[in-house]
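Residue numbers (this note's numbering), protein chains in the order written: chain E, 15 to 294; chain P, -16 to 387.
The beta-carbon is built from N, C-alpha and C at its ideal position, and this holds for glycine as well.
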Amino acid sequence: MLDRRPGLRVGLLLTPPMLWLGVAYLGALAALLVTSLWTQDDFTGNIERIWTLDNFRQLFTVDVYRTITLRTIGIAALVTVVDAVLAFPIALYMAKVASPRTQRLLVIAVLTPLWASYLVKAYAWRGMLSADGPIAWIANPFGLDTPGYGLPAVIITLSYLWLPYMILPVYAGLERVPDSLLEASSDLGGGSWTTIRRVVLPMAFPALVAGSIFTFSLSLGDYITVQIVGGTSQLLGNVVYDNQGAANNLPFAAAVATVPIVVMVVYLALARRVGALEDL
Amino acid sequence: MRKTRSKTLAAVACAGVLALASACGTSSGGSDGGTKADADQGGFTAPDVPMQESIGDPEGQVNILAWPGYAEDGSTDKSIDWVTPFEKESGCQANVKYFDTSDQAVQLMKTGEYDVVSASGDATLRLIAGGDVAPVNTDLLTNYADIAPFLKDQKFNSVDGQMYGVPHGWGANLLMYNKDVVKPAPTSWGAVFDDASTYAGKVTAYDSPIYIADAALYLMATQPDLGIEDPYALDQDQLAAAVDLLKAQKGNVSEYWSNYLKEVAAFKSGDSVIGTTWQVIASTIGDSVAAVLPEEGSTGWSDTWMISSEAKNPNCGYLWMDYITSPEAQAQVAEYFGEAPANTKACDLTTDTSFCDTYHAEDSDFASQIHYWTTPISQCLDGRTDTECTDYGDWTTAWTEIKG
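Okay, structure coming up:
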């Protein structure tokens, strides 16, 4: 019967993944949004199912949450810029200069850090940045010191963690730039810099934006790195974690969690306009 | 198309609500169990939760939620082990989870996955009011009679003369410093507040709203004009003063700690050199640090073993509560953690014979001078009736603001 009814076949094939997407994924998000409209008894910590917008009112009126939101977006943006600046030359070398053998080796090298656990890498940076760590040891003879734990440490560590996610899409994007275009540019008198600036960069831009979706969204939701190397600073993820994990205020945590969702929706809408989503 | 789409959306939303309702069903039980009531009992009545009448056959395991260092099974240090003897004696396998803060303990108890918890005074009333813990039948506990009398029937562990747990031990939060760096040795909490800039970028503090009480305690001694009588009973102005002090402190803080291992690591690497601590942390780090009780006195804890209202292994839970308050176990925990044991018979069993004198275990006057962690509520705990105090929710918001 399935042979004669292609519609049914496709339907059966697609039902489980669609159910997963619809119920588990979107359902969880919907549940989160519903929770954010409830409130909590401060003393017992029990959730009270009374409809209220208090959580959002608090989120928008208490100054500290605005500061934290702006700080989080700023850090995510900085990490993205740092990664883009670091990734572009590496990806360009991989795609256009290196021999096929070197190319393969470099791809493996870029992927290697992904084999190690996220936590191990973050703790490795904690050791690096420590008062008795290698950075202090190298910097001290020059009268400098380790940046210590704080926002600079967070930016360094996050840039390190997410760099492969930027390099790979940019590398893929640059591979698609035909060599003939580069030759044409040089035939017409364009030097290396001019070629990169006027031919390669415009063509690689959607790939850069595609990579930035990863680095930006991953940074936006991170809270573990901040706890390990962030010193006293806190990001949106920490506010969610503290309210859910410590203060037990799930409704407010849910309200805070909608902020990165909104930011990412706006970001993705902008990314779509430059055609970056086709480069993913 | 439009119609189908909105139908799908509605279905998804319903599924979400359903999933949520079942997920929350367990955690919100007893929320109607009362919030406001008589003043003597800290402003609430306890929800009606049945008490166990007898100890039946052990279930074979018990899930223990404890402060770090309260249930050691030899995995940290081979010689530190009082869980294994319990397992052999009772036939209950002990599954231990350590928590970092009282907030986390309250949160984890709501999951219903733990049978017993070592709750501090800033968690006990919240657990009782939330219906998360059951009254404890002290007649079933052979060691209860030996517990120091000044720990029984206290505001934070009983309601209307009914005990909700068995006292475990008590102690003070201490000021720890790196002996090589911090000279001269500090004698006042001022070292981490007004004089914190001496060690700028190397100060540490406890990452929990309850730490606001440490600032309030310091203000109580240094700024009598504020009129703070009890560091857990702060009106708006007093809380604001404490928040200002903590904001000024933050500029000199390297990082806050809540996980005790994080503080151990930070002191070992030299990233922190001075800050609040527990004796067990100082003991773990070793000789490079010293921990002192500053002249202003201190905040501290008085812990109680409580049993979950949803305990799956209540018999093993009772066996654990009885075991952990036995003189032998108490002597080991108290010496390892660095606190006064609740069972004073333990004093004869400590390896250091003067241990109980050092920790004033039998000295009820000393015990009354420590400001034990208590949940702040809007009804002022110091007896003021002309004003409304800030509650724990206000403290939580204030703590987020302090950290910026």
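Residue i classed as buried or exposed, judged by whether at least 16 other C-beta atoms fall within 10 angstroms
| i | result |
| --- | --- |
| E:T208 | exposed |
| E:L143 | buried |
| E:P178 | buried |
| P:P214 | buried |
| E:Q241 | buried |
| E:A198 | exposed |
| E:W129 | exposed |
| E:A38 | exposed |
| P:N156 | buried |
| E:T246 | buried |
| E:N60 | buried |
| E:P30 | exposed |
| E:M32 | exposed |
| E:N154 | exposed |
| E:I152 | exposed |
| E:L125 | exposed |
| P:E322 | buried |
| E:Y132 | exposed |
Selection from the options that minimises the alpha carbon distance to residue i
| i | options | result |
| --- | --- | --- |
| P:F349 | P:C75, P:N235, P:V256, P:L276 | P:L276 |
| P:D377 | P:Q221, P:T205, P:L134, P:D98 | P:Q221 |
| P:I257 | P:S281, P:N235, P:E322 | P:N235 |
| E:T83 | E:Q248, E:S206, E:G36, E:R286 | E:Q248 |
| E:G235 | E:V254, E:A42, E:T53, E:I104 | E:V254 |
| P:A131 | P:C363, P:A344, P:W382 | P:A344 |
| E:W52 | E:A44, E:T58, E:A186, E:R63 | E:R63 |
| E:I181 | E:W151, E:R212, E:P192, E:A218 | E:A218 |
| P:L124 | P:I353, P:D365, P:D335, P:M304 | P:M304 |
| P:T379 | P:Q35, P:T368, P:S191 | P:S191 |
| P:E246 | P:Q232, P:A294, P:Q262 | P:Q262 |
| P:M159 | P:K295, P:S291, P:T267 | P:T267 |
| P:S292 | P:I307, P:Y306, P:E96, P:G283 | P:E96 |
| E:T66 | E:V270, E:I210, E:I275, E:P265 | E:P265 |
| P:P33 | P:K135, P:D227, P:A117, P:C339 | P:A117 |
| E:G164 | E:G157, E:W139, E:L175, E:F156 | E:W139 |
| P:A390 | P:D98, P:L244, P:T170 | Only positions -16 to 387 of chain P appear in this structure, which leaves residue 390 of chain P out of reach. |
Cut-off 6 Å between Cβ atoms - residues of its own chain near residue i, not counting five sequence neighbours on either side
| i | result |
| --- | --- |
| P:T333 | A314, E318 |
| P:W172 | Y201, P277, E279 |
| E:A45 | none |
| P:L134 | P150, A325 |
Contact set for residue i: own chain, Cβ-Cβ below 7 Å, skip 5 residues either direction
| i | result |
| --- | --- |
| P:K230 | I385 |
| P:M406 | Lying before the first or after the last residue shown, residue 406 of chain P is absent from chain P, which here runs from -16 to 387. |
| P:D64 | E55, D56, G57 |
| E:G147 | G141, T160 |
C-beta neighbour in chain P for residue i, strict 8 Å
| i | result |
| --- | --- |
| E:A267 | no |
| E:A136 | no |
| E:S144 | yes |
| E:V253 | yes |
| E:T246 | yes |
| E:G162 | yes |
| E:P31 | no |
| E:V78 | yes |
| E:T81 | yes |
| E:T58 | yes |
Assumed close pair residue i, residue j - CB separation to whole angstroms, cut-off 8 Å
| i | j | result |
| --- | --- | --- |
| P:D40 | P:N326 | P:D40 to P:N326, Cβ: 26 Å. No contact. |
| E:S173 | E:D97 | 5 Å |
| E:V160 | E:V243 | A small fix is needed here, since residue 160 of chain E is Thr in this sequence, not Val. Incorrect: roughly 11 Å between the Cβ atoms, too far for contact. |
| P:D374 | P:P359 | 6 Å |
Contact with chain E by residue i, beta-carbon distance below 8 Å
| i | result |
| --- | --- |
| P:D393 | Summary: the structure shown does not reach residue 393 of chain P, with chain P confined to residues -16 through 387, and so no result is reported for it. |
| P:E238 | yes |
| P:A22 | Since pLDDT at P:A22 reaches only 36, below the 50 mark, its modelled position is unreliable, and the value read off the structure follows with that caveat. No, because no Cβ of chain E sits closer than 8 Å to the Cβ of P:A22. |
| P:R(-12) | Note on P:R(-12): pLDDT 42, under 50, position unreliable in the model; no value is reported. |
| P:C372 | no |
| P:A112 | yes |
| P:D254 | yes |
| P:S5 | Note that P:S5 has pLDDT 37, beneath the 50 cutoff, so the model's placement of it is unreliable and the number below is only indicative. It does not; no Cβ of chain E falls within 8 Å. |
Close-in-space but distant-in-sequence residues of the same chain around residue i (CB under 8 Å, 5 per side omitted)
| i | result |
| --- | --- |
| E:L47 | A268, T272 |
| P:G17 | For P:G17, the pLDDT reaches just 33, beneath the cut-off of 50, and the residue's location in the model is therefore unreliable, although a value from the coordinates is still provided. F27, T28, A29, P30, A112. |
| E:I169 | I89, L92, V93, V96 |
| P:S237 | G184, K185, V186, T187, A249, D254, S255 |
| E:D193 | K110 |
| E:V288 | F219, P220, V223 |
| E:T49 | I61, L264, P265, A268 |
| P:K233 | I385, K386, G387 |
Check: residue i C-beta below 7 Å from any heavy atom of the ligand FMN
| i | result |
| --- | --- |
| E:V168 | Among the ligands in the structure shown, none appear at all, so the ligand FMN cannot be discussed. |
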